[in-house]
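Okay, so the sequence shown: first residue is 1254 according to the numbering used here, each after it adds one.
Glycine residues also receive a C-beta, built at the ideal position from the N, C-alpha and C atoms.
No experiment lies behind these values; they were computed from the predicted model shown.
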Amino acid sequence: MWSTIDALNDVAVFVQVVNSGSFTAAADKLDLSKSVVSKYVTRLEDRLGARLLNRTTRRLSLTEVGRAFFERSQRGLLEIEEAEAEVSRLQGTPRGELRISSPMSFGILHIAPKLSAFQLRYPELTVDMVLDDRKVDLVEEGFDLAIRIGDLPDSSLVARRLGPCRHVVCGTPDYFARRGVPQTPEDLARHAALVFRYHDSPDEWRFTAPDGGLVRVSLAHRLRMNNSLALREAVLQGAGVMLTPTFVVGADIRAGRLKAVLTDYAAMEISIYAVYPQRKHLSPKIRAFVEFMTEQIQDPPYWEP
């Protein structure tokens, strides 16, 4: 039984013999001996059970079946060359569709506004972004990459850190004027807490004190939601305080709409990652997006208050 590689080699040598006009000329172009070239063609004829070439001491000519086989074979080899060129072209320039999964708040605030600049840089790319706070299965659901925020479990996925994700406690200046500014995390027990449902422990906020000790505060929450942007709107209306990433409220704090408190106590700091299935050769579109977002976010991130 002949392997596919053997068959392709035999066909390629046969096509070269016909195009060169002789075994000797084909052997020179292929850097093989004339006897090896003849062996390839003979093996091909034996496998097909048909004579492809009429051989004389002075010239070669195709048989009727040989001409039909040559024309089809030459087209096939050209298709293979074009396929290789296409792979090389695709590996060089980001193009095609890039499917991204992103947490809703981060995607709305910090990916969607940058996609125009990304696509101006890579005009042959289209983007399909799905905003969802659940952790999608990249392979099963056909995503090229996902944005993940938090500690990553061990998996077969490759993770590239895009930047830090720092958290702050904040509320409106009017709210703190009415309820007082908490001086220690324990003071939060007297405040209206608005909590994010998907935190590991939404009703317990954890802080690192100035002396390095861990402080845990249990909260009787006033409002619980599964979306940080919705919580932000409630906080902006003076409903209470929230512990949230700076990428959600950094602009509000800089503008004075919100006030960060307990800044001497470090709230949770995790990281933002781009994750994608492990591949031997990373596609240009994934590499382009990861490098673009790393360049945009920087460290410290642009959204820090």
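Opposing strand residues paired with residue i [DSSP bridges]
| i | result |
| --- | --- |
| M1495 | C1423, L1447 |
| D1464 | Looking at the DSSP assignment, D1464 forms no beta bridge with any residue, so it has no partner. |
| W1458 | V1470 |
| S1314 | N1307 |
| M1382 | I1353 |
| M1478 | F1449 |
| A1519 | T1461 |
For residue j and residue i, the rounded distance between their alpha carbons
| i | j | result |
| --- | --- | --- |
| A1541 | P1347 | 7 Å |
| A1321 | K1282 | 24 Å |
| R1477 | A1519 | 22 Å |
| F1429 | L1378 | 47 Å |
| V1389 | R1325 | 46 Å |
| R1234 | D1517 | This structure gives no information on residue 1234, because the portion of the chain shown stretches from 1254 to 1558. |
| I1550 | L1415 | 7 Å |
| H1444 | G1433 | 9 Å |
| L1305 | V1264 | 11 Å |
| G1277 | G1345 | This sequence places Thr at residue 1277; Gly is not what is there. Rounded to the nearest angstrom, the two C-alpha atoms are 38 Å apart. |
| P1455 | P1554 | 25 Å |
| E1486 | D1505 | 11 Å |
| L1330 | G1395 | 32 Å |
| P1498 | V1421 | 6 Å |
| L1297 | I1353 | 48 Å |
| M1521 | G1491 | 23 Å |
Simplified DSSP assignment, three categories, for residue i
| i | result |
| --- | --- |
| R1348 | coil |
| P1366 | helix |
| M1357 | helix |
| N1307 | strand |
| M1546 | helix |
| E1393 | helix |
| L1511 | coil |
| G1274 | coil |
| G1416 | strand |
| Y1555 | coil |
| Y1428 | helix |
| R1387 | coil |
| E1205 | What the structure shows of the chain is the stretch from 1254 to 1558, and residue 1205 is not part of that stretch, so it cannot be assessed. |
Opening and closing residue of the alpha helix (DSSP H) in which residue i lies
| i | result |
| --- | --- |
| L1398 | Per DSSP, L1398 belongs to no alpha helix (DSSP H); it is in the beta strand (DSSP E), 1398-1402. |
| V1294 | 1287-1301 |
Limits of the unbroken beta strand (DSSP E) element including residue i
| i | result |
| --- | --- |
| S1409 | No beta strand (DSSP E) holds S1409; DSSP gives it neither H nor E. |
| P1562 | Look at the range of the chain in this structure, 1254 to 1558, and you will see that residue 1562 is not part of it. |
Closer than 7 Å: residue i CB and nearest the ligand ADP heavy atom
| i | result |
| --- | --- |
| A1462 | The ligand ADP is not part of this structure, which contains no ligands at all. |
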